[in-house]
Amino acid sequence: MVRTYDDDLADLAAQLPGFGGLYLDSTGELVVQLKDVSRLQEAKAKVQQFLLTRSGGNSVLAHEYARYVDGMKAVRARYDFRELHSWYRILRKRVFGLGTVTMSDINERRNRIMIGVTDTASIQLVDELLVRLPVPREAIIVQVFPRFKGQASLQGTVRPVIGGVQIGWIPGRVCTLSYNVASVLTGGSVDYNWYFVTASHCTDKIWALTGHSMGQPTEASPIGVEVSDPPLFDSQQDPICPPGKLCRYSDAALFRYGATTWTHGVVAWPADSQPFFETTRIISVHGTLPPFEGMLVEKVGRTTGRTAGTLLFSCIDVEREYGPHTFARLICQGLANYDADPGDSGAPVVRVLSDGTLVALGIHGGEDVANPGWGYKVFSPTGQWRSELGNDIGGTLQVTADWAPPPVVSISGHTYLPPGLSCTWTASASGGVPPYASYQWSGVLSGSGNQITGVVWESGWLYVQVTDSAGHVGENSIFITIDPNAPAPPDCQE
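First residue of the sequence shown? That's 3 in this note's numbering, and the numbers climb one at a time after it.
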């Protein structure tokens, strides 16, 4: 079973009785809901520990969390989150399975349970059910809310492959690659395969493993094959799914790379609202993050490029169309109001930290196409697609740059020379996490930079080490033979 953000908040409420939720207000300050607001200092200690355990050792993220907590304000809560969580489980079994229910959420800003329905007539139907249940009616908000469709539309070849670029699987159907990921197998052994993730509806068959190939930028240039796309489950398989519904924790599928080059832990970073980017404009992913309502988020998709918006819901259950008049329930999704268009499905949804690196919030899944003016966009949180797909292949998926392999280094230059000539050797790096921070030469010559020029008097090894921006080191060497009878290369100087 996959743990959701709501499960984590219920655990926090067990340690902090009276806790009702966390969110960011319009000024960007963290707000905690408390039944007793005089317990703010105690709440700060508990919330800081809660957030630090989710920083993954990222010092910048930990500092940002500490800043949030330092300025945290308290507002009076009507309900303890554990109350809302227990009532939510009752409603999941008795109400959420109705065909007219489109979404459900424990809303932290309102300290209430929200239920979305297809139309105003359905509000009365839900109300009639609620009066028969051991759940206080005043703890529930019922309103009209949309169902969601995926988005499917063009860009060029990008090598190494990175997050945010176009992928395609059949002619005319394109989406966006979310993240490159590594896998650590159960027990801690290394999985020597490498993977990428995108939206499940960007495959031959949504929520079904067909093993088809995916190309970048189109199907004509295949880069990998599908290896995980778990089927929908019902309430018998996982009680988090309402009776009569079929569910998933994410709109995500995993592909294993074939013979191509890719860079782990980075996302393309175009100018605002532009689908074009310079190959040097990439940003490293250095963490994952539980989303707070009110948080500024950004997405990078092949159609609309980089756009920003506000996180409106952090753990909302929504309906996703996957066939004519056929819907599945996506559990605990994020909802934001960034711009997105067809082809952006699968786009990485991220937050930028103060040091310019990213945290991976999730995978863009689609929009409310029936009511585009509402501006709702849904994404699958990173913690859930990592668990769901990782469990399926028997491993733990890693998305951050620190899991990248070291750079691959090559050296070009002469290896057979007469003594006394000044020649130049060049180191070229690929992979790892560019840009490359340093080049260090040793052996028959020493120095720094991607090129070294000097005179080699005796035969020996020339070594170079390249360090990338994540601190990974790649190295290579060549043996230079010095022979008085060797011809003098024309590009060397006496």
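Where a beta carbon is used, it is the ideal one built from N, C-alpha and C, also for glycine.
*Would you tell me roughly how many angstroms separate the C-alpha atoms of residue 243 and residue 321, rounded to the nearest one?*
Whole-angstrom Cα-Cα distance: 12 Å.
*Spell out the partners DSSP gives residue 25 in its beta bridges.*
Answer by DSSP bridge pairing, in chain order: 33 and 295.
*Rounded to the nearest angstrom, how far is the Cβ of residue 92 from that of residue 133, given a contact under 8 Å?*
With 8 Å as the limit, residue 92 and residue 133 do not qualify as a contact, their Cβ atoms being about 13 Å apart.
*Would you mind listing the beta strand (DSSP E) stretches within the segment 135 to 222 that are 3+ residues and don't spill past its ends, in chain order?*
Scanning the segment 135 to 222 from its first residue to its last, the whole beta strand (DSSP E) runs of 3-plus residues come out as 142 to 146, 163 to 165, 168 to 172, 175 to 178, 181 to 187, 197 to 200 and 215 to 217.
*Might you give, ordered along the chain, the residues of its own chain that have their beta carbon closer than 7 Å to the beta carbon of residue 258, omitting 5 neighbours on each side?*
Around residue 258: 195, 197, 226, 227 and 229.
*Going by alpha carbons, who is nearest to residue 319 out of 149, 72, 141 and 170?*
Ranked by Cα distance from residue 319, the first of 149, 72, 141 and 170 is 149.
*Kindly indicate which residue of 491, 331, 422 and 182 has the alpha-carbon position closest to the one of residue 102.*
The shortest Cα separation from residue 102 among 491, 331, 422 and 182 belongs to 331.
_Beta-carbon within less than 6 Å of residue 409's beta-carbon, same chain only, minus the 5 sequence neighbours each way: which residues are those?_
Within the same chain, Cβ atoms closer than 6 Å to the Cβ of residue 409 are found at 431, 433, 434, 468, 470 and 476, the five residues on either side in sequence being excluded.
*Going by alpha carbons, who is nearest to residue 1 out of 489, 391 and 127?*
The shown model of the chain, from 3 to 496, leaves out residue 1, and the question about it has no answer.
*Work out the CA separation of residue 176 and residue 455 for me, nearest whole Å.*
Rounded to whole angstroms, residue 455 to residue 176 spans 47 Å at the Cα level.
*Nearest to residue 121 by CA position, among 164, 341, 190 and 104, is which residue?*
Residue 121 has its Cα closest to that of 104, out of 164, 341, 190 and 104.
*Three-state secondary structure (DSSP) at residue 120?*
Residue 120: coil per DSSP, three-state reduction.
*Tell me, please, which residues DSSP counts as bridged to residue 107.*
Partner(s): 116 and 318.
*Figure out for me which residue from 239, 405, 18 and 184 has the closest Cα to the Cα of residue 473.*
It is 405 whose Cα lies nearest to the Cα of residue 473.
*Cβ contact (3+ pairs, closer than 8 Å) linking the segment 285 to 300 and the segment 355 to 370*: The segment 285 to 300 makes contact with the segment 355 to 370, as at least three CB pairs between them are under 8 Å.
*With a cut-off of 8 Å, do at least 3 Cβ pairs link the segment 330 to 345 to the segment 297 to 305?*
Touching, yes.
*asked:* Please tell me whether residue 164 and residue 270 are closer than 7 Å, where the distance is taken between their beta carbons.
replied: Using a Cβ distance threshold of 7 Å, residue 164 and residue 270 count as a contacting pair.
_For residue 291 and residue 353, which I take to be in contact (beta-carbon distance under 8 Å), what is that distance rounded to the nearest angstrom?_
So it is a contact: roughly 6 Å between Cβ atoms.
*According to DSSP, what are the bridge partners of residue 440?*
For residue 440, which the question treats as bridged, DSSP gives the partners 469.
_Assigned secondary structure, residue 98 (DSSP; H/G/I helix, E/B strand, else coil)_ = Of the three classes helix, strand and coil, the one that applies to residue 98 here is coil, per DSSP.
*Can you tell which of 461, 459, 460 and 444 has its C-alpha closest to the C-alpha of residue 453?*
It is 444.
_Nearest candidate by alpha-carbon position, reference residue 77, set 22, 167 and 423_ = Selection 22, 167 and 423 evaluated against residue 77 yields 22 as nearest (Cα-Cα).
*Looking at C-beta atoms only, is the number of pairs between the segment 52 to 64 and the segment 207 to 217 that lie closer than 8 Å three or more?*
Fewer than three beta-carbon pairs drawn from the segment 52 to 64 and the segment 207 to 217 are found closer than 8 Å, and the two stretches are therefore not classed as touching.
*In terms of residue numbering, what span does the beta strand (DSSP E) encompassing residue 270 cover?*
Segment 264 to 270, the beta strand (DSSP E) holding residue 270.
*Which residue comes first and which comes last in the alpha helix (DSSP H) that contains residue 70?*
Where residue 70 is concerned, the enclosing alpha helix (DSSP H) stretches over 61 to 72.
*Measure the C-alpha to C-alpha separation of residue 84 and residue 220 and round it to an integer number of angstroms.*
In a straight line, the C-alpha of residue 84 is about 48 Å away from that of residue 220.
*In whole angstroms, what separates the C-alpha of residue 479 from that of residue 264?*
In a straight line, the C-alpha of residue 479 is about 23 Å away from that of residue 264.
*Considering only the beta carbon of each residue, do residue 401 and residue 335 sit closer than 7 Å?*
No, the Cβ-Cβ distance between residue 401 and residue 335 is not below 7 Å.
_For residue 16 and residue 87, the rounded distance between their alpha carbons_ = A straight-line Cα-Cα distance of about 11 Å links residue 87 and residue 16.
_Environment of residue 3 [buried if 16+ CB atoms lie within 10 Å]_ = So residue 3 counts as exposed.
*asked:* Just to confirm before moving on: does the CB-CB distance between residue 294 and residue 26 stay below 7 Å?
replied: Yes; because the gap between Cβ atoms is below 7 Å, this pair is in contact.
*Applying the criterion that 16 or more other CB atoms from any shown protein chain within 10 Å of the CB defines a buried residue, is residue 82 buried or exposed?*
By the C-beta density criterion, residue 82 is buried, having at least 16 other C-beta atoms within 10 angstroms.
*asked:* Using CA atoms only, rank isn't needed, just tell me which of 169, 90 and 151 is closest to residue 327.
replied: Checking every option, the nearest Cα to that of residue 327 belongs to 151.
*In terms of residue numbering, what span does the beta strand (DSSP E) encompassing residue 335 cover?*
Its beta strand (DSSP E) spans residues 328 to 338.
*Return the Cβ separation of residue 107 and residue 315 in integer angstroms, given the expectation that the two are a contact with Cβ distance under 8 Å.*
Residue 107 to residue 315, Cβ: 5 Å. Contact.
*Top-ranked residue by Cα proximity to residue 261, from 66, 161 and 211*: The shortest C-alpha separation from residue 261 is found at 161.
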